[in-house]
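Below you'll find the structure, written out as structure tokens, and then a few comments.
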Amino acid sequence: MIKALYTSITGMNATQNALSVTSNNIANAQTVGYKRQKAMFDDLLYNNTIGAKGNDSSAGTNPTSIGNGVKLSGTSTDFNTGSITLTGGKMEAAIEGVGFFAVGDSNGGNIQYTRKGTFGISDDYYVVNSQGQYVFAYPTNPQTGEIDMTAQAGPLRVPVGEAIGGTQSTKGVLGGNINTVDEGITQDLKVFDDAGNEYKVLVEIKKTSDHNYSYNISQMNVTKGETTYKPVSSGASGNIAFNNVGEITSGSPITFRFNGTKDFTLDLSKLTNHPTKTQLKPSEFNGNGATYIEDYSISDGGYIMATYEDGSTKPLGQLAVATFPNEGGLMKVGNGNYIETPSTGQRSISVSDNVKGKATEGSNVDLSVEFVDLMLYQRGFQGNTKVIKVADEVLNDIVNLIR
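Counted from 1, the sequence shown has number 199 at position 199 by the UniProt record's numbering; the numbering is strictly sequential.
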């Protein structure tokens, strides 16, 4: 009977712990990114007697095993995706499918992982989560404007309100048409140096003979309210020619240098010489002036987008997404975060098209399942208390035998 008491105690302890797991699931039914857990049980070591082999005079005997109870062997986490809700929150994101956002300290260390994509901007303009941890992302390459996957994922700064230097203009296209009978045309072009300063460049095209033209390129200067033009520092003049069907045959591209900075290449391959309306069409000019970030948001794909004062938008980076061979090996540490353990396997970190911007992932707790588990564990606990009561009555009967 003493053994029955201790066996029932293990049952009570195990079901108590299971009730704690289930109650935690119920408590987090509305927690963003929460993943439900399930209690797992194992029986304890047995007291065994070894069976015997039969012989000519007697049959064999089977082994006897008397159990010592049960234990909570662990918990398993259900990583199925919760419901995705479009919230409109500009710094919220959800992952559809596998993967975790990576967060850590300012040096890129102490990395933890989360499905809770409720982010914001800190007072020093870094992307952070609600605990103040830095959210890791891949930055854009300042030269190409593309996401730099060769860089290390780490904290990303969104310099709201700070002046951002422009980029040098290095190329552009001047297309359109010059009427065959017109004597020429002029066109203003807007270009930028590497500090974002804006310059006006004037292109003058004059007819020299049929299908042949000369050009002069000058830079506008404004001094005390007076506008003057002076030749650019190199490539200021030259000639262009067209064939009889109006296609340019020489003189394109033009390479010149404004403000004594880098070379600028002007492509004239789309310029024609037909007996139709004269009109020049500048296009595909790169470079931009100094500007300010007025707003920011997370778009689909996990791109952290900046909205500038002129209304244009550009990506500053892309949220890093980590995956694991065995995500069940991750350990919960609170606040919706997980840490790696030896059983997770080798982490892989990259970006993902499965990130949904301006959305959150709800808890994947199914309350109907949790209430069923709650009743089962309650019945299990009650059953073990009944065994203790019966064992106690039997012990009392044994004690009363000697009275």
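Note that beta-carbon positions come from the ideal geometry of N, C-alpha and C, so glycine has one too.
Any non-hydrogen atom of the ligand GTP closer than 7 Å to residue i Cβ
| i | result |
| --- | --- |
| K171 | Annotation note on the ligand GTP: not contained in the displayed structure, which lists no ligands. |
Per-residue burial, residue i [other beta carbons within 10 Å of its own, 16 or more giving buried]
| i | result |
| --- | --- |
| P231 | exposed |
| K224 | Caution is warranted here: a pLDDT of 47 is assigned to K224, below 50, making its placement in the model unreliable, and the coordinate value is therefore given only provisionally. Under this definition K224 is an exposed residue. |
| K35 | buried |
| T385 | exposed |
| I2 | exposed |
| T360 | buried |
| V390 | exposed |
| T167 | buried |
| N25 | buried |
| T7 | buried |
| A14 | buried |
| S57 | exposed |
For residue j and residue i, believed in contact at Cβ under 8 Å, the rounded distance
| i | j | result |
| --- | --- | --- |
| I304 | L86 | I304 to L86, Cβ: 18 Å. No contact. |
| N335 | Q131 | 5 Å |
| V387 | A39 | Contact flag wrong, Cβ pair sits at about 20 Å. |
| T344 | N326 | 5 Å |
| L44 | V21 | Not really, about 19 Å apart at Cβ, beyond 8 Å. |
| Q112 | V351 | Not really, about 19 Å apart at Cβ, beyond 8 Å. |
| M196 | A290 | As written in the sequence, residue 196 is Gly, which differs from the Met given in the question. That pair is a contact at about 3 Å. |
| F136 | N129 | Not a contact, Cβ separation roughly 11 Å. |
| N273 | T180 | 6 Å |
Span of the beta strand (DSSP E), counted from its first residue to its last, around residue i
| i | result |
| --- | --- |
| D295 | T291 to S299 |
| L189 | G184 to F192 |
| F371 | Looking at the DSSP string, F371 is not in any beta strand (DSSP E); the run it does join, the alpha helix (DSSP H), is L367 to N400. |
| V21 | Element bounds for V21: not the beta strand (DSSP E) but the alpha helix (DSSP H), I2 to A27. |
| R257 | I254 to R257 |
| A151 | Element bounds for A151: n/a, residue is neither H nor E. |
| M40 | Q37 to D43 |
| V70 | V70 to T77 |
| G238 | S237 to F242 |
| G357 | V355 to G357 |
| T64 | T64 to I66 |
| I248 | I248 to S250 |
| T85 | I84 to L86 |
| P58 | Here residue 58 is Ser; the residue named in the question, Pro, does not match the sequence. Looking at the DSSP string, S58 is not in any beta strand (DSSP E), and its letter there is neither H nor E. |
| I50 | Counting along the chain, I50 falls outside any beta strand (DSSP E), and DSSP gives it neither H nor E. |
| S352 | Note, S352: premise wrong, no beta strand (DSSP E); not H, not E. |
The alpha helix (DSSP H) enclosing residue i, as first and last residue numbers
| i | result |
| --- | --- |
| L174 | Where L174 is concerned, there is no enclosing alpha helix (DSSP H), although the beta strand (DSSP E) it sits in stretches over K171 to N177. |
| Y199 | Looking at the DSSP string, Y199 is not in any alpha helix (DSSP H); the run it does join, the beta strand (DSSP E), is E198 to S209. |
Self-check item: Sufficient close CB pairs (3 or more, under 8 Å) joining the region 190–201 to the region 282–298
Solution: Touching, yes, given that three or more Cβ pairs across the two stretches are closer than 8 Å.
Quiz item: Touching or not, the region 309–327 and the region 98–107, by the rule of three or more beta carbon pairs under 8 Å?
Solution: Touching, per the Cβ criterion.
Quiz item: If you scan the UniProt domain "Flagellar hook protein FlgE/F/G-like D1" (94–137) from start to end, which runs of the beta strand (DSSP E) of 3 or more residues do you find wholly inside it?
Solution: Taking only runs of at least 3 residues, the beta strand (DSSP E) segments lying wholly in the UniProt domain "Flagellar hook protein FlgE/F/G-like D1" (94–137) are 100–104, 112–114, 119–121 and 127–129.
Self-check item: beta strand (DSSP E) runs contained entirely in the region 267–338, provided each spans 3 or more residues
Solution: Inside the region 267–338, DSSP marks whole beta strand (DSSP E) runs of 3 or more residues at positions 279–283, 291–299, 303–308, 313–319, 321–323 and 331–334, from first to last along the chain.
Quiz item: Does the region 269–279 come within contact of the region 176–188, defined as at least 3 CB pairs closer than 8 Å?
Solution: Because the criterion of three Cβ pairs below 8 Å is met, the region 269–279 and the region 176–188 touch.
Quiz item: How do the region 237–252 and the region 205–213 stand: do at least 3 beta-carbon pairs fall below 8 Å, yes or no?
Solution: Remark: three or more beta-carbon pairs, one from each stretch, lie closer than 8 Å, so the region 237–252 and the region 205–213 are flagged as touching.
Quiz item: Counting pairs of beta carbons, one from the region 143–163 and one from the region 62–79, are three or more of them closer than 8 Å?
Solution: Output reads no: the region 62–79 does not touch the region 143–163.
Quiz item: Is the region 125–139 touching the region 156–165, taking contact as three or more C-beta pairs under 8 Å?
Solution: Yes, since at least three Cβ pairs between the region 125–139 and the region 156–165 fall closer than 8 Å, the two stretches touch.
Self-check item: Stretch-stretch touch, CB-based, cutoff 8 Å, three pairs: the region 363–380 with the region 141–149
Solution: Cβ pair count under 8 Å is below three, so no.
Quiz prompt | Contact between the region 302–318 and the region 198–209 (3+ Cβ pairs under 8 Å) | solution = Taking one beta carbon from each stretch, the region 302–318 and the region 198–209 have fewer than 3 pairs nearer than 8 Å; the two do not touch.
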